[in-house]
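Take any residue in the sequence shown, count from 1 to its spot, add 11: that is its number in the working numbering. Worksheet for the structure shown next.
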Amino acid sequence: MKIYVMTDLEGVAGVTNFDDWCGPSGRYYEAGKELLTREVNAAIEGFFAGGATEIVVADGHGYGGVNGLLLDP
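Written out as structure tokens, the structure reads:
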């Protein structure tokens, strides 16, 4: 089973507003990217546990949100 995951930083649990969390000048931008990456990794773990054989992650946040260095390979 192949899974396609579309992400966006504005949908992450704990991200409460755009200005502080979603732009490079936001004071919590790096923390928001880490939260997103952790959520995506949790989803990936669940998808593999459920029988997925391939997972593609698309980062839909304009400035970039998923930290590729921390993403589950």
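Built from N, CA and C at the ideal position, the CB exists for glycine as well. Being a predicted model, the structure only gives us computed values, none of them experimental.
In the DSSP assignment, residue 18 forms a beta bridge with 70. Closest in C-alpha terms to residue 53, from the list 12, 13, 23, comes 23.
Between the beta-carbon of residue 48 and that of residue 82 there is about 6 Å, and that keeps the pair under the 8 Å contact cut. In summary, residue 40 is buried, with 16 or more beta-carbon neighbours lying within 10 Å of its beta-carbon over all protein chains present. Across the structure, residue 43 and residue 73 are spaced so that their CA atoms are roughly 14 Å apart.
One Cα belongs to residue 33, the other to residue 50, and the distance between them is close to 16 Å.
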